[in-house]
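Read the structure below first, then the notes.
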Amino acid sequence: MTFTNVLISIKEGLAIVTINRPKKLNALNQETIKELHEAFEGLQDNADVKVIILTGSGEKAFVAGADISEFADFSEEEGRLLAANGQKLLFDYIENLTTPVIAAINGFALGGGLELAMACHFRVASHNARMGLPEVSLGLIPGYGGTQRLPRLIGKGRAMELIMTASMIDVDRALGYGLVNHVVSQEELLGFCEKLAGKISNNSSVAIGYAIKAINKGFTPSNGFATEVEAFGACFGTQDFKEGTSAFLEKRKADFPGK
Ligand code: COA
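In our numbering, each residue carries its 1-based index in the sequence shown increased by 171.
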């Protein structure tokens, strides 16, 4: 499998998937989402692969979010489709894989980047990582499952605060919240995840697959994800969204017209 924005290496039952757009801080454009889907599909079908590690290339970012330049002029319907397709192709897809996926968060995990890390089965971060869902600073809401997975992982009140303030948290806070399971240095990050993967692969892949299904079933949402898709789409019809995304692309502070 060869891709433009995704690198894959496979060694002794362990696959490392690296999102490779370092100049854009690995922002998720549509092509990357499609490639990641194909990469994960191939690895799930590969009987030799027992564990997958997902990381970002470069020293700065895991993923700095969905690619804002791609959707700045989207309509409400296009916004809805962006969220719905992305959730199906990548975020729900990873969560429901029966091959374990560990997110190795090597830097910024913002917006769609944190949503991607949260769709993985668990997370390990390096000291320099920063996490947040800054969408409301763009006149948007998280659209790749963030309104659902963040409160499940860290609790409703903390998720409300993090989403409303659009702020980033450091790894100490993320560890205290249970958003990440371990924090290590950047140099140790992949080695640490590989050791965890080694422990996992000593166990029954079949049983682990069933455990993932059972754990996920306990968190089966009502219609929260569908509500997120509708609300995400509605944002695209607002002046706030136009102002928020223009401000980011023009590298200035947004001045929201408000309610
Ligand atoms: N979408 C598109 N491009 C992005 C991006 C995103 N989510 N995040 C970063 N980039 C691009 C920048 O536009 C810049 O491109 P350029 O060099 O062609 O101008 C490049 O990646 C480097 O980012 P830059 O902002 O210069 O780095 P920084 O160190 O000053 O700031 C961040 C880092 C992560 C704080 C900043 O990039 C940021 O706020 N990104 C957006 C985060 C966000 O809102 N994500 C949610 C999207 S829904």
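Virtual Cβ for every residue (Gly too), placed ideally from N, Cα, C. In this text, all values refer to a predicted model and were calculated from it rather than measured experimentally.
*Does the distance from the C-beta atom of residue 284 to that of residue 330 stay below 8 Å?*
By 1-based counting over the sequence shown, the position of residue 284 is 113. By 1-based counting over the sequence shown, the position of residue 330 is 159. Between residue 284 and residue 330, the C-beta spacing is not below 8 Å.
*Is the beta carbon of residue 407 sitting closer than 8 Å to the one on residue 308?*
Residue mapping note: residue 407 aligns to position 236 of the sequence shown, counting from 1. Residue mapping note: residue 308 aligns to position 137 of the sequence shown, counting from 1. Cβ atoms of residue 407 and residue 308: not closer than 8 Å.
_Straight-line gap, residue 266 to residue 260 (C-alpha atoms, nearest Å)_ = Within the sequence shown, residue 266 is the residue found at index 95, counting from 1. Within the sequence shown, residue 260 is the residue found at index 89, counting from 1. Residue 266 and residue 260: Cα-Cα distance of roughly 11 Å.
*Among 313, 365 and 294, which has the Cα closest to the Cα of residue 354?*
Residue numbering aside, residue 354 sits at position 183 when the sequence shown is read from its first letter. Residue 294 is the option with its Cα nearest to residue 354.
*Starting from residue 268 and walking both ways along the alpha helix (DSSP H), at which residues does that stretch end?*
Taking the sequence shown and counting its residues from 1, the one referred to as residue 268 is at position 97. Taken as a continuous stretch (DSSP letters only), residue 268 belongs to no alpha helix (DSSP H), as it is neither H nor E.
*Taking 7 Å as the cut-off, does the CB of residue 324 come closer than this to any heavy atom belonging to ligand 1?*
Locating residue 324 in the sequence shown gives position 153, where the first residue counts as 1. No, since every heavy atom of ligand 1 falls outside the 7 Å radius drawn around the Cβ of residue 324.
*Does at least one heavy atom of ligand 1 sit under 7 Å from the Cβ of residue 240?*
Counted from its first residue, the sequence shown places residue 240 at position 69. In this structure, residue 240 has its CB closer than 7 Å to one or more heavy atoms of ligand 1.
*asked:* As a quick exercise: from 238, 376, 382 and 196, pick the residue whose alpha carbon is nearest that of residue 276.
replied: Position 105 of the sequence shown, counted from the start, is the residue given in the question as residue 276. Selected option, being the one with the closest Cα: 196.
*Residue interval of the alpha helix (DSSP H) (run including residue 300)*: Looking up residue 300 in the sequence shown gives position 129. Where residue 300 is concerned, there is no enclosing alpha helix (DSSP H), given that its DSSP letter is neither H nor E.
*Only counting runs of 4 or more residues, tell me where the alpha helix (DSSP H) segments fall wholly within the stretch 199-224, in order along the chain.*
DSSP runs (the alpha helix (DSSP H)) wholly in the stretch 199-224: 201-216.
*How long is the line joining the alpha carbons of residue 257 and residue 287, rounded to whole angstroms?*
For the purposes of this step, residue 257 is taken as the residue at position 86 of the sequence shown. For the purposes of this step, residue 287 is taken as the residue at position 116 of the sequence shown. If I take the Cα positions, the gap works out to 10 Å.
*If you check the beta carbons only, do residue 228 and residue 189 fall under 8 Å apart?*
Translated into positions along the sequence shown, residue 228 becomes position 57. Translated into positions along the sequence shown, residue 189 becomes position 18. For residue 228 and residue 189, yes; Cβs fall inside 8 Å.
*Would you kindly report the start and end of the unbroken beta strand (DSSP E) that includes residue 280?*
Numbered from its first residue, the sequence shown carries residue 280 at position 109. In the DSSP assignment, residue 280 falls within the unbroken beta strand (DSSP E) covering 279-281.
*Which runs of the alpha helix (DSSP H) fall wholly inside the stretch 301-350 and span at least 4 residues, in chain order?*
Counting only unbroken stretches of 4 or more residues, the alpha helix (DSSP H) elements lying wholly within the stretch 301-350 are 317-325, 327-336 and 342-348, in sequence order.
_Per DSSP, cross-strand counterpart(s) of residue 227_ = As a working note, residue 227 is residue 56 in the sequence shown. Residue 227 pairs with 190.
*If you count every other CB in all the chains shown that lies within 10 Å of the CB of residue 221, and 16 or more means buried, which is it?*
Position 50 of the sequence shown, counted from the start, is the residue given in the question as residue 221. Under this definition residue 221 is a buried residue.
*When the Cα of residue 238 is compared with those of 361, 282 and 337, which residue comes out closest?*
Taking the first residue of the sequence shown as 1, we reach residue 238 at position 67. It is 282 whose Cα lies nearest to the Cα of residue 238.
*asked:* According to DSSP, simplified to helix, strand and coil, what is residue 290?
replied: In the sequence shown, counting from the first residue as 1, residue 290 sits at position 119. DSSP places residue 290 in helix when its eight states are reduced to three.
*Going by DSSP, name the residue or residues bridged to residue 180.*
Against the sequence shown, residue 180 aligns to sequence position 9. According to DSSP, residue 180 bridges with 187.
*Starting from residue 242, follow the beta strand (DSSP E) in both directions and report where the run begins and ends.*
Taking the first residue of the sequence shown as position 1, residue 242 is located at position 71. Taken as a continuous stretch (DSSP letters only), residue 242 belongs to no beta strand (DSSP E), being part of the alpha helix (DSSP H) at 239-242.
_Separation of residue 187 from residue 226, as counted between CA atoms_ = Here residue 226 refers to the residue found at position 55 of the sequence shown. Here residue 187 refers to the residue found at position 16 of the sequence shown. C-alpha separation (whole angstroms): 8 Å.
*Looking only at its own chain, which residues have a Cβ that is under 8 Å from the Cβ of residue 304, when we skip the five neighbours before and after it?*
The residue given as residue 304 occupies position 133 in the sequence shown. Same-chain partners within the cutoff: 281, 282, 285, 286, 313, 317, 321, 333, 334 and 337.
*On the premise that residue 278 lies in contact with residue 232, defined as a C-beta separation below 8 Å, what is that separation, rounded to the nearest angstrom?*
Indexing the sequence shown from 1 puts residue 232 at position 61. Indexing the sequence shown from 1 puts residue 278 at position 107. Confirmed, about 4 Å.
*asked:* Only counting the same chain, and skipping five residues up and downstream in sequence, which positions put a Cβ closer than 7 Å to that of residue 396?
replied: As a position in the sequence shown, residue 396 is number 225, starting the count at 1. The beta carbon of residue 396 lies closer than 7 Å to those of 258, 316 and 319 in the same chain, with the five residues before and after it left out.
_Starting from residue 232, trace the alpha helix (DSSP H) in both directions and tell me its first and last residue._
Counting from one through the sequence shown, the residue named residue 232 turns up at place 61. According to the DSSP assignment, residue 232 belongs to no alpha helix (DSSP H) but to the beta strand (DSSP E) extending over 232-234.
*Let me know the secondary structure DSSP gives residue 402 once reduced to three states.*
Counted from its first residue, the sequence shown places residue 402 at position 231. Correct three-state label for residue 402: helix.
*Have a look at residue 325 and residue 289 and give me their C-alpha separation to the nearest angstrom.*
Translated into positions along the sequence shown, residue 325 becomes position 154. Translated into positions along the sequence shown, residue 289 becomes position 118. The alpha-carbon atoms of residue 325 and residue 289 are separated by roughly 11 Å.
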